[in-house]
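Okay, here's the thing in structure tokens:
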């Protein structure tokens, strides 16, 4: 049973590794991997197999990168495809909890939902 999920937004004073270690050392606590809040040179797909070694479940928030002029509507780009491939490769469809982001400050929520779903 999931007791708590630790999430990190754009600015944080600690590192994702710190939060992952905290979650791994506390049963029932999970680190939410938010694809939109990592450095552009980091690939979330590279982290999935390792995270699955230590956690029963992997909460994953699939979003596009954060931009200054808007938020991040999910798009089916190369990294999103790699994330999906990695989940299937690890037979983890029942372990990965996927959430999608349909918010963008420059367009309304209905448009963001349609664009994100279409992508």
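In our numbering, the protein residues as written are 1 to 119. Glycine is no exception: its CB is placed at the ideal position from the N, C-alpha and C atoms. Nothing here was measured: the structure is a model prediction, and the numbers come from that model.
If you draw a straight line from the C-alpha of residue 31 to the C-alpha of residue 100, how long is it? 16 Å
Of the residues 92, 89 and 43, the one placed nearest residue 77, counting alpha carbons only: 43
| Endpoints, the alpha helix (DSSP H) within which residue 88 is located | 78-89
Assuming residue 93 and residue 60 make a contact with CB atoms under 8 Å, what is their CB distance in whole Å?
-> Residue 93 to residue 60, Cβ: 12 Å. No contact.
Exercise for the section: For residue 61, name the three-state secondary structure that DSSP assigns. Expected result: strand
Do the CB positions of residue 62 and residue 83 come within less than 8 Å of each other? yes
Below 7 Å CB to CB, which residues in the same chain sit around residue 90 once its five sequence neighbours on both sides are set aside?
48, 49 and 52
### Query
If we call anything under 8 Å between Cβ atoms a contact, is residue 81 one with residue 56?
Result no, Cβ atoms of residue 81 and residue 56 do not sit closer than 8 Å.
State the beta-bridge partners of residue 98 as determined by DSSP. 60
Quiz item: Taking Cβ positions, are residue 79 and residue 45 nearer each other than 8 Å?
Solution: yes
inquiry  = I need the straight-line Cα distance from residue 20 to residue 75, nearest angstrom please.
reply    = In this structure, the CA atom of residue 20 is about 26 Å from the CA atom of residue 75.
In terms of residue numbering, what span does the alpha helix (DSSP H) encompassing residue 17 cover? 16-24
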